[in-house]
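Heads up, the thing below is written out as structure tokens.
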Amino acid sequence: MTRDGDPLLLTPGPLTTTATVKRAMLHDWGSRDESFIAMTAEVRARLIAAAGLGEEFTAVPIQGSGTFAVEAMLGTLLDPDAGALILVNGAYGRRMIEICRRIGRRTETYAVKETELHDPAEIARLLAADPDLSHVVAIQCETTSGILNPVAEIAAVVAAAGRRLMIDAMSGFGALPLDSNAVSFDALAASSNKCFQGVPGLAFVICRIAALAAAKGRAPFLSLDLHDQWRGFEGNGQWRYTPPTQVLAAFRQALRDHADEGGVAARGARYRRNCAVLIEGMKGLGFEPLLPEALQAPIIVTFRRPNHPNFDFDALYEGMKARGFVIYPGKITEAETFRVGCIGDLDEADMRAAVMAAADSLAEMGADLRGAAA
Ligand SMILES: *Cc1c(COP(=O)(O)O)cnc(C)c1O
Numbered sequence: 009m010t011r012d013g014d015p016l017l018l019t020p021g022p023l024t025t026t027a028t029v030k031r032a033m034l035h036d037w038g039s040r041d042e043s044f045i046a047m048t049a050e051v052r053a054r055l056i057a058a059a060g061l062g063e064e065f066t067a068v069p070i071q072g073s074g075t076f077a078v079e080a081m082l083g084t085l086l087d088p089d090a091g092a093l094i095l096v097n098g099a100y101g102r103r104m105i106e107i108c109r110r111i112g113r114r115t116e117t118y119a120v121k122e123t124e125l126h127d128p129a130e131i132a133r134l135l136a137a138d139p140d141l142s143h144v145v146a147i148q149c150e151t152t153s154g155i156l157n158p159v160a161e162i163a164a165v166v167a168a169a170g171r172r173l174m175i176d177a178m179s180g181f182g183a184l185p186l187d188s189n190a191v192s193f194d195a196l197a198a199s200s201n202k203c204f205q206g207v208p209g210l211a212f213v214i215c216r217i218a219a220l221a222a223a224k225g226r227a228p229f230l231s232l233d234l235h236d237q238w239r240g241f242e243g244n245g246q247w248r249y250t251p252p253t254q255v256l257a258a259f260r261q262a263l264r265d266h267a268d269e270g271g272v273a274a275r276g277a278r279y280r281r282n283c284a285v286l287i288e289g290m291k292g293l294g295f296e297p298l299l300p301e302a303l304q305a306p307i308i309v310t311f312r313r314p315n316h317p318n319f320d321f322d323a324l325y326e327g328m329k330a331r332g333f334v335i336y337p338g339k340i341t342e343a344e345t346f347r348v349g350c351i352g353d354l355d356e357a358d359m360r361a362a363v364m365a366a367a368d369s370l371a372e373m374g375a376d377l378r379g380a381a382a
């Protein structure tokens, strides 16, 4: 199966985008022109609306991939004299510790296995033991495994301890609800090329305005200073430094399409159907998902590497690629795995075709996993 001549990307970003989104890039814009200033304003407003947030929040786009937004969020909002408790159950949590190390912000780590959730009581205990921890940083969907972390529960513990929450909502934002009434947070970071189905090159942080306003002069860097970036947008509507003009145009189209599809609820429902079809189909072939269903976010599914003697991941990858599907190698450290994404311009029929492609690739390898699955 292909789309516009390209294989479907079963990867959690970059992902398969619609022709409409791709076509939105076929123009040139002057970055200081009125039409581009209006485009920037529309994107910022649509992000707040898509999240169902009130006017106490503002969206600050930043050039770059998702990690740029995470780094911008941590460096802008963390006080050099305080510290952050980072909740780790995968590679993206570990990356935030590395960011804080590089920018000189103190962290404490609460790490659990990549297939496990954090214990809210332990979070409360760690915060009580260290009053200098001003913030907790959590990840909504840890894309390393595809696990769904209970952000609302974590937010309640953080609020009860009188601390502030920041969220890496990268891989779920736009499809998984983050109701600010249930989840009290100061900032969340995400990017254009995940559940909003834009093209890569743009990220953003949605901030509580009061927290952002208080962070003036705190960032240890210039280009990723969210406070200054925000003041720029609020001042003359322009980006401080060269914006990715075509990427923003594609993202505006993607946000319009997201709203037309029915917003977060409809996008999430489509991905949940994709995920269910994928898991059921792959199980039928003898593959075993790493996570129990209750922990699985409908974003990306990690499967254990089967122990059949004829099974070879590279052969599966190449077999599926030849049939028009690109999958992902595993990222977790605790088991041999591979991953298949459920997000992007994909529906149930695409996922059924992907399972067929996996079945044909297995047949080619002579690896019948049924009954032999570990
Ligand atoms: C994709 C992703 C990021 C950002 O990764 P980039 O490669 O910089 O876009 C950060 N956190 C999570 C959970 C992600 O899924």
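In terms of my numbering, the sequence shown opens at residue 9 and continues consecutively.
Backbone N, C-alpha and C fix where the C-beta goes; we use that ideal spot for every residue, glycine too.
Just so you know, these numbers come straight off a predicted model, no measurement behind them.
Cβ-heavy atom distance, residue i to ligand 1, below 7 Å
i, result
"ASP176", "yes"
"GLY270", "no"
"SER73", "yes"
"GLY112", "no"
"PRO20", "yes"
"VAL78", "yes"
"ILE217", "no"
"ILE70", "no"
"GLU122", "no"
"TYR336", "no"
"ILE214", "no"
"ILE147", "yes"
"GLU106", "no"
"SER200", "no"
"THR345", "no"
"TYR100", "yes"
"THR151", "yes"
"SER179", "yes"
Host alpha helix (DSSP H) of residue i (start-end)
i, result
"ASP358", "356-373"
"CYS108", "99-111"
"GLU296", "Premise fails: GLU296 is in no alpha helix (DSSP H) and is neither H nor E."
"ILE56", "42-58"
"GLN82", "The question names Gln, yet the displayed sequence has Leu at residue 82. Where LEU82 is concerned, the enclosing alpha helix (DSSP H) stretches over 74-85."
"LEU134", "128-137"
"VAL166", "159-168"
Classification of residue i by the beta-carbon crowding that lies within 10 angstroms, buried from 16 upward
i, result
"THR84", "buried"
"GLU64", "exposed"
"PHE76", "buried"
"TYR249", "exposed"
"GLY180", "buried"
"ILE217", "exposed"
"ASP388", "As shown, the chain starts at 9 and ends at 382. That puts residue 388 outside it, with no answer to give."
"THR115", "buried"
"THR341", "exposed"
"ALA382", "Low local confidence applies: a pLDDT of 45 at ALA382 is under 50, so the model's placement there is unreliable, and no value is given."
"THR310", "buried"
"ASN189", "exposed"
"PHE229", "exposed"
"ARG109", "exposed"
"LEU141", "buried"
Backbone secondary structure at residue i - three-state DSSP
i, result
"ILE340", "coil"
"MET290", "helix"
"GLU150", "strand"
"THR310", "strand"
"THR19", "coil"
"THR26", "coil"
"PHE319", "coil"
"ALA381", "A caution first: ALA381 carries a pLDDT of 45, below 50, which makes its placement in the model unreliable, though a value can still be read off. Correct three-state label for ALA381: coil."
"ARG260", "helix"
"GLY91", "strand"
"ARG11", "strand"
"HIS143", "strand"
"ALA197", "strand"
"TYR118", "strand"
"ASP376", "coil"
"VAL191", "coil"
"VAL334", "strand"
"GLN205", "coil"
"LEU34", "coil"
"LEU125", "coil"
"LEU61", "coil"
"LEU184", "strand"
Residue range of the unbroken beta strand (DSSP E) whose run includes residue i
i, result
"PRO69", "65-71"
"PHE212", "210-216"
"GLY240", "Where GLY240 is concerned, there is no enclosing beta strand (DSSP E), although the alpha helix (DSSP H) it sits in stretches over 234-244."
"ARG226", "Per DSSP, ARG226 belongs to no beta strand (DSSP E) and is neither H nor E."
"LEU173", "172-176"
"VAL348", "345-349"
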